[in-house]
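Heads up: the sequence shown at position 4 corresponds to 358 in my numbering, and the numbers run straight through without jumps. Ideal Cβ placement from N, Cα and C applies to all residues, glycine included. The structure under discussion appears below in the form of structure tokens.
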Amino acid sequence: IEMDFKGIKIEIDNEPMKKWAENWHILKEKHQIKVFKSEQVVISQKYGYAGSYDHWGTCDGKPCIIDIKTGFFSNKVGLQMAAYRQGLIEVEGLSKQDVSELGLVGIQIHRDGREPKVFKYEHLEWVITKFLHTLECWKHENFQTLAKMEWPYLKRDCVKEYYESLHEYENNDQPDLPY
Numbered sequence: 355i356e357m358d359f360k361g362i363k364i365e366i367d368n369e370p371m372k373k374w375a376e377n378w379h380i381l382k383e384k385h386q387i388k389v390f391k392s393e394q395v396v397i398s399q400k401y402g403y404a405g406s407y408d409h410w411g412t413c414d415g416k417p418c419i420i421d422i423k424t425g426f427f428s429n430k431v432g433l434q435m436a437a438y439r440q441g442l443i444e445v446e447g448l449s450k451q452d453v454s455e456l457g458l459v460g461i462q463i464h465r466d467g468r469e470p471k472v473f474k475y476e477h478l479e480w481v482i483t484k485f486l487h488t489l490e491c492w493k494h495e496n497f498q499t500l501a502k503m504e505w506p507y508l509k510r511d512c513v514k515e516y517y518e519s520l521h522e523y524e525n526n527d528q529p530d531l532p533y
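Quick look at the structure:
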């Protein structure tokens, strides 16, 4: 897939891999998948994490973070991409318009040649808040280790900060938080 995005053609002799590559090309054409950048590290200074997304590009003409799985596809993929999305927003300094349009797309391409699937996450705020809740749980589970490291994000409430910034982003009023 990486080589395909770079325009590098390769010969495939293995029959299952030929079917896999054929499925990829059909899916790519059907959904007009294009890539701006791949495998870039993003950092969230706001919430204290980093990671590398698969691709930033377009699917069906809309900008998105794209994660491609060749094995099992779990609901955790959305949380992972939400983290990458926030990091990309911070690293690239995206505009309000860019942020509102940036979606999340998971693609499952089976190694055994079965039909590939595209998963588009429609409820972005829900996915992002679930990621931040998961981050808070991780901080709780690793509190002692993080405290020894003097991790500066340990005592910050990511979910509360997200709701405050989201509301501020929209109209600069003091938000009524849901808790």
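Could you have a look at residue i and say whether DSSP puts it in helix, strand or coil?
i: W505; result: coil
i: T483; result: helix
i: P529; result: Per-residue confidence for P529 stands at a pLDDT of 45, beneath the threshold of 50, marking its modelled position as unreliable; no derived number is given.
i: K474; result: strand
i: I362; result: coil
i: N377; result: helix
Roughly how many whole angstroms lie between the Cα atoms of residue i and residue j?
i: I443; j: H494; result: 26 Å
i: T483; j: E476; result: 14 Å
i: T424; j: V389; result: 18 Å
i: N526; j: A436; result: Because the pLDDT at N526 is just 48, under 50, the model does not fix this residue reliably, and the value given afterwards should be weighed accordingly. One C-alpha to the other measures close to 24 Å.
i: M371; j: R465; result: 7 Å
i: V513; j: G441; result: 15 Å
i: Q399; j: P506; result: 11 Å
i: W378; j: F497; result: 43 Å
i: I397; j: Y516; result: 16 Å
i: L500; j: W492; result: 10 Å
Which residue wins for smallest C-alpha separation from residue i, given the options the options?
i: Y403; options: H409, V395, W410; result: V395
i: N429; options: D414, V481, R468; result: V481
i: E393; options: G411, L381, I380; result: G411
i: E369; options: D511, G467, I355, K509; result: G467
i: V432; options: G460, E455, K373; result: One point to set straight first is that residue 432 is Gly, not Val, in the sequence displayed. Ranking the options by Cα distance to G432, first place goes to G460.
i: E455; options: K382, K416, Q386; result: K416
i: Q434; options: H487, K373, K502; result: H487
i: F485; options: Q451, D511, Q462, I387; result: D511
So residue i and residue j are in contact, right, with Cβ under 8 Å, and what is the actual spacing, rounded?
i: I419; j: R439; result: 5 Å
i: L458; j: L478; result: 7 Å
i: Q462; j: K471; result: 5 Å
Query raised in the report: Where in the segment 382-470 do unbroken runs of the beta strand (DSSP E), each at least 3 residues long, occur, reported from the N-terminal end onward?
Result: Counting only runs of 3 or more, we get 388-392, 395-398, 403-406, 409-413, 416-423, 457-462.
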